Amino acid sequence: MLQIKNLSASIDNKKILKGLNLEVKAGEVHAIMGPNGSGKSTLSQLLAGKDGYTLDGGEVLFEGKDLLRLAPEERASLGLFLAFQYPVEIPGVSNLYFLKSAYNALRKKRGEEELDAVDFMELVKEKSKLVEMNETLLTRPVNEGFSGGEKKRNEILQMIVLEPKLCILDETDSGLDIDALKVVSKGINAARSKDRAIILITHYQRLLNYCEPDFVHVLYNGKILKSGGKELAFELEKHGYGWILES
Amino acid sequence: MKTKNHSIEELTQKEYKYGFVSNIEMDTVPAGLNEDVIRLISAKKEEPSFMLEWRLKAYSHWLKMKEPTWHNLHYPPIDFQKISYYAAPKSKKSGPKTLEEEDPEILATFKQLGIPLEEQKLFSGVAVDAVLDSVSVATTFKEKLGALGIIFCSFSDAVKNHPQLVQQYLGSVVPYSDNFFATLNSAVFSDGSFVYIPKGVRCPMELSTYFRINTQETGQFERTLIIADEGSSVSYLEGCTAPIRDTNQLHAAVVELVALDNAQIKYSTIQNWYPGDKEGKGGIYNFVTKRGKCKGHNSKISWTQVETGSAITWKYPSCILQGDNSIGEFYSVALTNNFQQADTGTKMIHIGKNTSSTIISKGISAGHGQNTYRGAVTIQKSAENGRNYSQCDSLLLGELCGAHTFPYLSVNNASAQVEHEASTTKIGEDQLFYCRQRGLSQEDAVNLIVNGFCKKVFKELPMEFAVEAQKLLNVSLEGSVG
Numbered sequence: 019m020l021q022i023k024n025l026s027a028s029i030d031n032k033k034i035l036k037g038l039n040l041e042v043k044a045g046e047v048h049a050i051m052g053p054n055g056s057g058k059s060t061l062s063q064l065l066a067g068k069d070g071y072t073l074d075g076g077e078v079l080f081e082g083k084d085l086l087r088l089a090p091e092e093r094a095s096l097g098l099f100l101a102f103q104y105p106v107e108i109p110g111v112s113n114l115y116f117l118k119s120a121y122n123a124l125r126k127k128r129g130e131e132e133l134d135a136v137d138f139m140e141l142v143k144e145k146s147k148l149v150e151m152n153e154t155l156l157t158r159p160v161n162e163g164f165s166g167g168e169k170k171r172n173e174i175l176q177m178i179v180l181e182p183k184l185c186i187l188d189e190t191d192s193g194l195d196i197d198a199l200k201v202v203s204k205g206i207n208a209a210r211s212k213d214r215a216i217i218l219i220t221h222y223q224r225l226l227n228y229c230e231p232d233f234v235h236v237l238y239n240g241k242i243l244k245s246g247g248k249e250l251a252f253e254l255e256k257h258g259y260g261w262i263l264e265s
Numbered sequence: 008m009k010t011k012n013h014s015i016e017e018l019t020q021k022e023y024k025y026g027f028v029s030n031i032e033m034d035t036v037p038a039g040l041n042e043d044v045i046r047l048i049s050a051k052k053e054e055p056s057f058m059l060e061w062r063l064k065a066y067s068h069w070l071k072m073k074e075p076t077w078h079n080l081h082y083p084p085i086d087f088q089k090i091s092y093y094a095a096p097k098s099k100k101s102g103p104k105t106l107e108e109e110d111p112e113i114l115a116t117f118k119q120l121g122i123p124l125e126e127q128k129l130f131s132g133v134a135v136d137a138v139l140d141s142v143s144v145a146t147t148f149k150e151k152l153g154a155l156g157i158i159f160c161s162f163s164d165a166v167k168n169h170p171q172l173v174q175q176y177l178g179s180v181v182p183y184s185d186n187f188f189a190t191l192n193s194a195v196f197s198d199g200s201f202v203y204i205p206k207g208v209r210c211p212m213e214l215s216t217y218f219r220i221n222t223q224e225t226g227q228f229e230r231t232l233i234i235a236d237e238g239s240s241v242s243y244l245e246g247c248t249a250p251i252r253d254t255n256q257l258h259a260a261v262v263e264l265v266a267l268d269n270a271q272i273k274y275s276t277i278q279n280w281y282p283g284d285k286e287g288k289g290g291i292y293n294f295v296t297k298r299g300k301c302k303g304h305n306s307k308i309s310w311t312q313v314e315t316g317s318a319i320t321w322k323y324p325s326c327i328l329q330g331d332n333s334i335g336e337f338y339s340v341a342l343t344n345n346f347q348q349a350d351t352g353t354k355m356i357h358i359g360k361n362t363s364s365t366i367i368s369k370g371i372s373a374g375h376g377q378n379t380y381r382g383a384v385t386i387q388k389s390a391e392n393g394r395n396y397s398q399c400d401s402l403l404l405g406e407l408c409g410a411h412t413f414p415y416l417s418v419n420n421a422s423a424q425v426e427h428e429a430s431t432t433k434i435g436e437d438q439l440f441y442c443r444q445r446g447l448s449q450e451d452a453v454n455l456i457v458n459g460f461c462k463k464v465f466k467e468l469p470m471e472f473a474v475e476a477q478k479l480l481n482v483s484l485e486g487s488v489g
């Protein structure tokens, strides 16, 4: 589904990614771990199409297409979803309306019929139970005045409503208390399917207790230094990132 | 190689939809302004002598006045002798007619604008007065409203048929000596709408005036007067468009509202005059004086405006809160794109006790647009417990536009409470990226964010028009983000 080949990128002449390789297949869950400044967020934003990065080399194929040449909305309509580390507030736009606009924009791109307000409401109500989201959050402006936990839940709600092929979750676990973490994990696990791939970007092993990955990668200084199974996460937790460098 | 950059500055502009010219035979007075022209206008309209005297008083006062320069607007001087002050469709010369006899070209014009004048085709609940250049060409639902004692007609008809009401209220809110443009209007105004809602009557439908400038090199000077008698209420909507011309045209209107005891007037404007082209060529110069007087106690006047057109907008719909417990409101969305300039805001003058006012202003600037909010809140000594809340927000799209805020506060009574909030934000790359990541196109994302920004104002518009306003805003912004 996703092939990242020798990807190098920089911001303001500072090299962030330095020849990163990764392959993700449908049905797989990958965890990418790494210390601050290792390039985790750059990777997720570059994949989603944020401006401001300079591509120094390499390529990314998503479903066989040259991903980096596409506009963010084209990537979204191909099925790429990014759960933001810092979800953005949009004053005056109701959460439900925003989600419906996105949902119908994607359907239109796929040549499917748009869903009307009533049917959409039903769909969202059903899905929001999964992330235990209070219905009042649906009518409030997008992320405005939401607590940290509510924002992250909202990201997961959007993800399970929009049903993307590839979910990239950028530190969705950071800043969550244990209850919120469980709820968010439940949402992520519900999204697992043989047709969908998930990339969990995180600092901590904690999230991986609830969402078991098939693969764990250690990103360090713009490169994947080590890959392994879920046990790699436990070792990292025990020994810290320094251990990778020494071994 | 840089990743694909969709910067905010890449500008293109959708064509102005209402830019067509209608081929109607017009009776036009030659360009230029002097006493004879005023006498001619008054004679053409077969006005009683008090009107002519009033016009002449205004004209002689105007000659002594100077064009204001305190605003934050830049335009070449207007040559007032180059403007024609009267243009009317020829067919109107022989007096009022029924709609059936109206020039088919006029009916077609308004139909093309989406304003069919045949009553059965109007969307329910809206009565329309259509003004083309200098004169009102049709007023719908007259009879139905007449049954309730409501007068809704062209200003000329009101002068003829209800001279005592006109004489009593004309100039009672905006005197002929008020300001340069209002005084010019008082001298040369040609037509407009007149509304009188009798005691205790709630007007059962929206009243609407649709202004259209058609003829080249003419100014449009219309005058609207709305009187809501004790305990009555009315909701009024004004819309305006003009053909695309590469010269500027002057529009200097006056609107006066009077609300007596316990009366309510809601006045909504969707202003879509031709804004000029991408280089800033052409477009309407819109110098308008709008003011309402809450004369009676417990009365309320509410202004809502969505300003998307005009090359230049100079407009400050205001409220004089004279009656005790009276309420004034001003809700505004002003958008400037390309080279448009807007200097708009409101004045709230608190005189009576326990008077309160609310100001919500949303300015959006794109392209090279310059948007100025100018507001004055005055709490006079007599205005015990006066209250005002003002909120002025500006949204910038791109690097070349500007937003300016000039709020003036004058509080002369210690019991008053006045609050002012202001913010200026740039449409965030983060917001756009967030929307686009979810699958919205760049354009849809901008529309979504801008409409969210304006929500507080849109919800004040009558239902049917809120949708229209939202669409208009989207069209005006179309292509403003590359």
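Sequence order for the protein chains is A and B.
Adding 18 to a residue's 1-based position in the first sequence gives its number in our numbering.
Adding 7 to a residue's 1-based position in the second sequence gives its number in our numbering.
Where is the CB? At the ideal position from N, CA and C, for every residue including glycine.
Values in this document were obtained by computation on a predicted structure and should not be read as measured data.
Can you name, in chain order, every residue of its own chain whose Cβ lies under 6 Å from the Cβ of A:K204, other than the five neighbours on each side?
Here residue 204 of chain A corresponds to residue number 186 of the first sequence, with the count starting at 1. The answer is none, since no qualifying residue turns up.
For B:I233 and B:Y243, which I take to be in contact (beta-carbon distance under 8 Å), what is that distance rounded to the nearest angstrom?
Position 226 of the second sequence, counted from the first residue, corresponds to residue 233 of chain B. Position 236 of the second sequence, counted from the first residue, corresponds to residue 243 of chain B. Confirmed, Cβ separation roughly 6 Å.
Short check: CB of B:G359 to CB of B:S333, under 8 Å?
Locating residue 359 of chain B in the second sequence gives position 352, where the first residue counts as 1. Locating residue 333 of chain B in the second sequence gives position 326, where the first residue counts as 1. Yes, these two residues count as a Cβ contact at 8 Å.
Nearest-angstrom Cα separation, counted from A:V201 out to B:R445:
Along the second sequence, read from residue 1 onward, the residue named residue 445 of chain B stands at position 438. Along the first sequence, read from residue 1 onward, the residue named residue 201 of chain A stands at position 183. B:R445 and A:V201: Cα-Cα distance of roughly 22 Å.
Please look up how many angstroms separate the CB atoms of B:V208 and B:I277, rounded, as I've assumed it's under 8 Å.
The residue you call residue 208 of chain B lines up with position 201 of the second sequence. The residue you call residue 277 of chain B lines up with position 270 of the second sequence. With 8 Å as the limit, B:V208 and B:I277 do not qualify as a contact, their Cβ atoms being about 26 Å apart.
Suppose you measure from the CA of B:K285 to the CA of B:F472; what does that come to, to the nearest Å?
As a first step, residue 285 of chain B is located in the second sequence; it is residue number 278 there, counting from the start. As a first step, residue 472 of chain B is located in the second sequence; it is residue number 465 there, counting from the start. Computed Cα separation, rounded: 27 Å.
Going by C-alpha to C-alpha distance, which of B:W310, B:S483, B:I204 sits closest to B:N269?
Residue mapping note: residue 269 of chain B aligns to position 262 of the second sequence, counting from 1. Checked all of B:W310, B:S483, B:I204; the closest Cα to B:N269 is B:I204.
Shortest alpha-carbon distance to A:N239 belongs to which of A:I178, A:A49, A:N54?
Stepping through the first sequence from its first residue, residue 239 of chain A is reached at position 221. The shortest C-alpha separation from A:N239 is found at A:N54.
Here's a check: name, in chain order, each residue in its chain whose Cβ is nearer than 8 Å to the Cβ of A:L133, leaving out the five neighbours to either side.
The residue labelled residue 133 of chain A in the question sits at position 115 within the first sequence. Excluding sequence neighbours, A:L133 sits near K118, Y121, N122, R125, L141.
At the level of alpha carbons, what is the spacing between B:K369 and B:S339?
As a working mapping, residue 369 of chain B is identified with position 362 in the second sequence. As a working mapping, residue 339 of chain B is identified with position 332 in the second sequence. Rounded to the nearest angstrom, the two C-alpha atoms are 6 Å apart.
So with Cβ pairs under 8 Å, would you call A:F164 a contact of chain B?
Within the first sequence, numbered from 1, the residue matching residue 164 of chain A stands at position 146. A:F164 does not count as touching chain B.
Please go through the same chain and pick out, in chain order, the residues whose beta-carbon is closer than 8 Å to the beta-carbon of B:D331, but skip the five residues on each side of it.
On the second sequence, position 324 is the one that residue 331 of chain B refers to. Excluding positions up to five away in sequence, the list reads H304, N305, G359, K360, N361, T362.
Contacts of B:Y441 in chain A (Cβ-Cβ under 7 Å):
For the purposes of this step, residue 441 of chain B is taken as residue 434 along the second sequence, with counting starting at 1. Those within 7 Å of B:Y441 in chain A are F102, V106.
Proximity test, Cβ basis, 8 Å: A:G45 and chain B
Indexing the first sequence from 1 puts residue 45 of chain A at position 27. Not closer than 8 Å to any Cβ of chain B, the Cβ of A:G45 fails to qualify, so no.
Under 8 Å from the C-beta of B:K525: neighbouring residues of chain A
What is shown of chain B runs 8 to 489, which leaves residue 525 of chain B out entirely.
Leaving out the 5 sequence neighbours to the left and right, which residues in its chain are closer than 8 Å to A:E230 when beta-carbon positions are compared?
Taking the first sequence and counting its residues from 1, one reaches residue 230 of chain A at position 212. The answer, listed in chain order, is V47, K248.
When Cβ atoms are compared, which residues of the region 398–428 of chain B fall closer than 8 Å to chain A?
none
Considering only the alpha carbon of each residue, which of B:V482, B:N454, B:L480, B:A476 lies closest to A:Y115?
For the purposes of this step, residue 115 of chain A is taken as residue 97 along the first sequence, with counting starting at 1. Among B:V482, B:N454, B:L480, B:A476, the Cα nearest to that of A:Y115 is on B:N454.
Between A:L35 and B:S448, what straight-line distance do the alpha-carbon atoms span, to the nearest angstrom?
If you number the first sequence from 1, residue 35 of chain A lands on position 17. If you number the second sequence from 1, residue 448 of chain B lands on position 441. Rounded to the nearest angstrom, the two C-alpha atoms are 28 Å apart.
Is there at least one non-hydrogen atom of the ligand ADP closer than 7 Å to the beta-carbon of B:D34?
For the structure depicted, the ligand ADP is absent and the ligand set is empty, with no information on it obtainable.
Could you have a look at B:I291 and say whether DSSP puts it in helix, strand or coil?
Counted from its first residue, the second sequence places residue 291 of chain B at position 284. Note: B:I291 maps to strand in three-state DSSP.
Roughly how many angstroms lie between the CA atoms of A:I174 and A:I206, to the nearest whole one?
Taking the first sequence and counting its residues from 1, one reaches residue 174 of chain A at position 156. Taking the first sequence and counting its residues from 1, one reaches residue 206 of chain A at position 188. The straight-line gap from Cα to Cα measures roughly 7 Å.
For the alpha helix (DSSP H) that B:C210 lies in, which residues bound it at each end?
The count along the second sequence starts at 1 and reaches residue 210 of chain B at position 203. Here B:C210 belongs to no alpha helix (DSSP H), and DSSP marks it neither H nor E.
Sheet register partners of B:V200 (DSSP bridge)
Reading the second sequence from its first residue, position 193 is the one you call residue 200 of chain B. Just to set this straight, residue 200 of chain B is Ser in the shown sequence, not Val. For B:S200, which the question treats as bridged, DSSP gives the partners B:S161.
Please list the terminal residues of the continuous beta strand (DSSP E) segment that includes B:H258.
Residue numbering aside, residue 258 of chain B sits at position 251 when the second sequence is read from its first letter. Here the beta strand (DSSP E) through B:H258 covers 255–258.
From the DSSP output, which residues share a beta bridge with A:T154?
On the first sequence, position 136 is the one that residue 154 of chain A refers to. Its beta-bridge partners do not exist; DSSP assigns none.
Neighbourhood of A:V78 by C-beta distance below 6 Å, restricted to the same chain and skipping five residues each side:
By one-based count along the first sequence, residue 78 of chain A stands at place 60. I22, L85, L86.
At least three beta-carbon pairs within less than 8 Å, the region 338–353 of chain B to the region 311–319 of chain B
yes
Rounded C-alpha distance that separates A:V234 from A:I196:
Against the first sequence, residue 234 of chain A aligns to sequence position 216. Against the first sequence, residue 196 of chain A aligns to sequence position 178. Cα-Cα distance, rounded: 22 Å.
When burial is assigned at 16 or more other CB atoms within 10 Å of the CB, is B:S417 buried or exposed?
To locate residue 417 of chain B, count along the second sequence from 1; it is residue 410. With fewer than 16 Cβ atoms within 10 Å of its Cβ, B:S417 is classed as exposed.
Does DSSP classify A:I22 as helix, strand or coil?
For this step, residue 22 of chain A is matched to residue 4 along the first sequence. Strand at A:I22.
Run through chain A and tell me which residues come within less than 8 Å of B:S339, C-beta to C-beta.
Taking the first residue of the second sequence as 1, we reach residue 339 of chain B at position 332. None at all; the shortest Cβ gap to chain A is about 15 Å.
Min CB distance B:E436 to chain A below 8 Å:
For the purposes of this step, residue 436 of chain B is identified with residue 429 of the second sequence, where counting begins at 1. Chain A, which has a Cβ nearer than 8 Å to the Cβ of B:E436, makes this yes.
Helix, strand or coil for B:Q449? Go by DSSP, reduced to three states.
If you number the second sequence from 1, residue 449 of chain B lands on position 442. In this structure, B:Q449 counts as helix in the three-state DSSP scheme.
Rounded C-alpha distance that separates A:F252 from A:M51:
One-based indexing of the first sequence puts residue 252 of chain A at position 234. One-based indexing of the first sequence puts residue 51 of chain A at position 33. Straight-line Cα distance between these residues: approximately 11 Å.
DSSP has B:N378 in a bridge; who is on the other side?
In the second sequence, the residue the question calls residue 378 of chain B occupies position 371. The partner list for B:N378 (beta bridge, DSSP) reads B:A349, B:A410.
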